[in-house]
Amino acid sequence: MSATLPWAEWFERLGGVDPAPFFVLSLVPYLAFLWWARQVRAFPRLALQGFRLTLVFVAVTIAAAVVAKALYGRQLADVDPLHGGAEAFLTLSNLLVLLGFRTRQTGASTSGIPPGTRPAVESPAQPTAAR
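This is how it looks when you write it as structure tokens:
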């Protein structure tokens, strides 16, 4: 008997594990991240929209996988139009994240406040000093 047999058995058993519960559990830290990013005023809004769009990608991918199985009897990866359509959402979300952080990095700001100097909490308007 080979010394690698226990590893082979372990990998065989691992292949039989249903990944669905792990997928659902992975949403918890991602949703926490989205909540945190929303609270951070310096977080680029466009990048946050991109991260939110990633959840849309997940939903579209799940729906496309169900359609691929129901209509074609195949996995999503084997039905190119559905797979490409689902992946387009991932591409769009990645593009928004990239543009959001790139805008922040290059100094462009939609609020008129330079990047990295936005206060954590809005301060009340200061009265102008008499000249």
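In my numbering, the protein residues as written are 122 to 252.
Glycine residues also receive a C-beta, built at the ideal position from the N, C-alpha and C atoms.
- Under the 10 Å beta carbon count, Ser214 is surrounded by 16 or more other beta carbons and is classified as buried.
- The beta carbon of Val188 lies closer than 7 Å to those of Leu203 in the same chain, with the five residues before and after it left out.
- Assignment of Arg225 by DSSP, reduced to helix, strand and coil, places it in the helix class.
- Look at Arg195 here: in three-state DSSP terms it is coil, with no helix or strand label.
- When secondary structure is reduced to three states using DSSP, Phe164 falls in the coil class, being assigned neither helix nor strand.
- Taking a 10 Å sphere around the C-beta of Phe210, we find 16 or more other C-beta atoms and assign the residue as buried.
- Non-local C-beta neighbours of Arg195 in its own chain, meaning closer than 6 Å and more than five positions away in sequence, comprise Ala189, ordered along the chain.
- Looking at the backbone, the Cα of Phe132 and that of Val138 are separated by about 10 Å.
- Taking all protein chains shown into account, Leu148 has fewer than 16 neighbouring C-beta atoms within 10 Å of its C-beta and is therefore exposed.
- Setting aside the 5 residues that flank it on each side, Phe222 is surrounded in the same chain by Pro165 and Ala168, each with a C-beta closer than 8 Å to its C-beta; the list follows chain order.
- Between Gly171 and Pro127, the alpha-carbon positions lie close to 43 Å from each other.
- Contact between Leu197 and Ala207 holds: CB atoms are separated by about 7 Å, below the 8 Å threshold.
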